[in-house]
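First residue of the sequence shown: 1, per UniProt numbering; consecutive thereafter. Backbone N, C-alpha and C define an ideal beta-carbon position, used for all residues, glycine too. Because the structure is a prediction, the values reported are computed rather than measured. A short worksheet on the structure shown next.
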Amino acid sequence: MHYQSQKQRHKNKTYKRIKAAFFYCLTFIFFWWSTANLGTVAQPIGTDGLNGQEMRKILDEGNLAEAVTRIELDWEEDYQKYFSANFGARSQTAGQIAKTLSRLAVETQKKPALIYAIPRTDQLELILILPDRAPILRSVPDAKLSNLKEVAKAFSSEITNPRKINTTSYLEPAQKLYQWMIAPLEADLQAAKIETLLFCVGEGLRTLPLAAMHDGQQFLIQKYSLARIPAFKFTDIRYKDLKNAQVLRMGASVFSETSNKQPLPAVQLELSAIAQEWPGQSLLNEDFTIVNLQSQLLQKKYRIIHLATHAEFRSGLPQNSYIQFWDTQLGLNQMRDLKWNNPPLELLVLSACKTAIGDKEAELGFAGLALQSGAKSALASLWYVSDAGTLALMTEFYHQLKVSKPKDIPIIKAEAMRQAQIAAIEGKVTIENGQLRSSRGERLLPLSIPQLDTKNLSHPYYWSAFTIIGSPC
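Written out as structure tokens, the structure reads:
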């Protein structure tokens, strides 16, 4: 009996071990299957992404609807990985995008178009979506990835160098990029009478000063209003009139000693100039704190927030990039915690940004600014422009956003920025004899602002840094 019970206990133990091993194997198989399938969903186009053979086949077959879907999925993953977030936007097909553009054309009386620019090893692929039209593909064999990166680097380098503001050294790369990115689509854009371009571009192009591309006669901004978007699915392009919006104006002309940041002496005048045309509140220097921003956001009355301060988009993780407040920094990874989008913020302005141009992570941070903050649109600079130059462009932008010409045509953010940039190009916005001259008249500059050597701001160094991110309207 004792022997039999001992034998039975041994059998029971063996059975339990086999059962445990069986369930362990099942768990492992289920986990492996789940993660494998999750990988399939998260990686929409194979290990080579948009540069792989699968995408090549889709483009060669002319299946542009599928190509647009793949592009949106791929770039959605780029931004969600970078920000470690699920933005939860609903995808639109190419046909739905075309219908959305058509609706916007009716709302704003300006016809928009969407340009996808996909840099591939062998050539640049351009996909154009017009209102209520099927997508159009243009391939640019001369714009191999290596060539594109080289010219883009030269373009940015020449424009951002303040020592070259009295030269046109930027023109050669500006014209080359225009020939590659715009000229192949020009006839289609003109035939459709397009006025606004939305650029959804790949790595290496996300921080290009697009407005300064040149056709040999004009800058691109003189022909179209522009906005850059991370992906169409992340972009709310429903038009809302901002003429009666309240603006929360915050910034610092000097910073706390511990911040070790250079002063921005024109900031006080910048905020005052905005206040002359736009209602709201101004918080300057010691009052420019994250706590005060949170307090103002809780009032839920501001549709525009203007931050006149240093901001930097750096390589690496989002927390490496920041917005400088009086005595502390707000990391890019912390922006969503402030709930800018409750209620939805129409426009976030950062007037003194600097970006590590050409760096993949810095590009994602800059191009994803509106997305991460929850704002419908953002206006930011790619590089730090002179203090007085920033004052001039910001003053003109807010004036243009307020004044619609003619009065029955809505003014959109991208068009207001375009008009401000054209005013700089044409010499209608200048700094001369200690005075800022704009379309609003003359304004004395404070003596603490370093005077510019030039009497005009027509060089793209001054105006092409500023760009609309997200919705153009």
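- Shown here for K193: same chain residues with a beta carbon closer than 7 Å to its own, the five before and five after excluded, namely K111 in chain order.
- Remark: fewer than three beta-carbon pairs, one from each stretch, lie closer than 8 Å, so the stretch 347 to 365 and the stretch 437 to 446 are not flagged as touching.
- Residue pairing by DSSP puts M250 in a beta bridge opposite L283 and L307.
- Leaving aside the five residues that flank I290 on each side, the residues in its chain whose CB is nearer than 7 Å to its CB run, in chain order, F325, T328 and L330.
- Nearest neighbour of L198 by Cα position, chosen from M213, E257 and Y116, turns out to be Y116.
- For P184, the enclosing alpha helix (DSSP H) begins and ends at A183 to A191.
- Secondary structure of F466 (DSSP, three-state): strand.
- Of the candidates R133, E312, S84 and I468, the residue whose Cα lies closest to the Cα of K413 is I468.
- In this chain, the beta strand (DSSP E) harbouring T430 covers T430 to E432.
- For the 8 Å CB-CB criterion, Q400 and I411 form a contact.
- Within the stretch 333 to 400, the complete alpha helix (DSSP H) runs of at least 4 residues fall at 360 to 367 and 369 to 373.
- Counting every other CB atom within 10 Å of its CB across the protein chains shown gives E432 a total below 16, marking it as exposed.
- Look at Q218 here: in three-state DSSP terms it is coil, with no helix or strand label.
- T235 counts as buried, since at least 16 other C-beta atoms from the protein chains shown sit within 10 angstroms of its C-beta.
- S169 and D142 have their C-alpha atoms some 22 Å from each other.
- For Q329, the uninterrupted beta strand (DSSP E) run begins and ends at Q329 to G331, by DSSP.
- Distance check between A85 and each of L371, P119, S157 and N292 places L371 closest, using alpha-carbon atoms only.
- The alpha-carbon separation between R303 and S146 amounts to approximately 42 Å.
- Taking each of F397, I97 and E158 in turn and checking the Cα distance to R133, the smallest one comes out for I97.
- For T196, the three-state secondary structure derived from DSSP is strand.
- In the displayed model, L114 falls within a strand according to three-state DSSP.
- Cα atoms of N63 and T69: separation of roughly 10 Å, rounded to the nearest angstrom.
- The stretch 306 to 313 makes contact with the stretch 259 to 267; the number of CB pairs closer than 8 Å reaches 3 or more.
- Check the Cα spacing between A378 and each of G316, S351 and L457: the tightest is with S351.
- Taking C-beta atoms as the reference points, I221 and C200 fail to come closer than 8 Å.
- Per DSSP, V140 is one residue of the beta strand (DSSP E) stretching across I136 to V140.
- With respect to the 8 Å criterion, S225 and R56 are not classified as neighbours on the basis of their beta carbons.
- Per the coordinates, the alpha-carbon of K240 lies some 24 Å from the alpha-carbon of A94.
- About 15 Å separates the Cβ atoms of A67 and K233, ruling out a contact at the 8 Å cut-off.
- Beta-carbon to beta-carbon, V140 and Q123 are separated by about 6 Å, close enough to satisfy the 8 Å threshold.
- Secondary structure of G62 (DSSP, three-state): coil.
- Around the Cβ of E257, a 10 Å sphere holds fewer than 16 other Cβ atoms; the residue is exposed.
- Counting C-beta atoms within 10 angstroms of its own C-beta, N333 has 16 or more neighbours from the protein chains shown and is therefore classed as buried.
- Under the three-state reduction of DSSP, V403 is assigned to coil, being neither helix nor strand.
- Under DSSP, F83 takes part in no beta bridge, so it has no partner.
- Taking V254 as the centre and dropping the five residues before and after it, the same chain places the C-beta of P263 and N285 closer than 7 Å to its C-beta, in chain order.
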